[in-house]
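Numbering (the numbering used here), first residue to last: 632 to 805.
Glycine residues also receive a C-beta, built at the ideal position from the N, C-alpha and C atoms.
Below: one structure, written as structure tokens.
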Ligand SMILES: CC(C)(COP(=O)(O)OP(=O)(O)OC[C@H]1O[C@@H](n2cnc3c(N)ncnc32)[C@H](O)[C@@H]1OP(=O)(O)O)[C@@H](O)C(=O)NCCC(=O)NCCS
């Protein structure tokens, strides 16, 4: 398995993997809309390949932070591994590589909304433990998580504001 930065030639294959993983198109649409926005960082859209075929993808992109600290932080969304290739470490490898790149950039933290039983293995904890809130009060506390990075500063607290791509993909899905 090989991890690398996504290129434009991968867009179609990434959409297929993300759609297959989630069983709907909403998350693939999110990837597409973020790519076209100013919140996209091409260095943080990663693919996993086996035998020349893309079988996994993760996107980290910038979201707003209303509070104290930087105006933007990174969020992980979405993470997808093709159903034929799940549970063999590909999702973990994608997350670890993204965290490594963000650490190298000096970023303070990453947030995500996701499966509470999956992400703690990478050091994610409920964001409320560190003064961070989700944009929507309907998100269960344990599902909105934060991973502190080397550049973390406890003075960074606040509420996350998702860019419009997040809401547009929800509205236009499945
Ligand atoms: C969740 C997902 C990204 C994990 O990727 P993966 O490559 O299968 O995961 P890994 O092989 O790195 O890790 C396997 C571990 O994850 C756990 N895991 C996998 N899917 C899980 C799920 N849906 N809920 C809870 N745990 C899950 C497995 O139990 C396994 O744990 P173990 O090592 O203790 O046995 C992948 O299953 C997927 O794409 N699912 C559909 C889309 C999705 O739900 N994305 C995440 C949304 S937050």
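Proximity test, residue i beta-carbon vs ligand 1 heavy atom, cut-off 8 Å
| i | result |
| --- | --- |
| residue 712 | yes |
| residue 721 | yes |
| residue 717 | yes |
| residue 652 | yes |
| residue 793 | no |
| residue 705 | no |
| residue 744 | yes |
| residue 749 | yes |
| residue 687 | yes |
Which of helix, strand or coil DSSP assigns to residue i
| i | result |
| --- | --- |
| residue 722 | helix |
| residue 674 | helix |
| residue 694 | strand |
| residue 748 | coil |
| residue 637 | coil |
| residue 710 | strand |
| residue 687 | strand |
| residue 759 | helix |
| residue 699 | strand |
| residue 681 | strand |
| residue 649 | helix |
| residue 784 | coil |
Whole-angstrom C-beta distance between residue j and residue i, which should lie under 8 Å
| i | j | result |
| --- | --- | --- |
| residue 758 | residue 777 | 4 Å |
Residues that residue i bridges to, as DSSP identifies them
| i | result |
| --- | --- |
| residue 764 | 790 |
| residue 740 | 779 |
| residue 704 | 694 |
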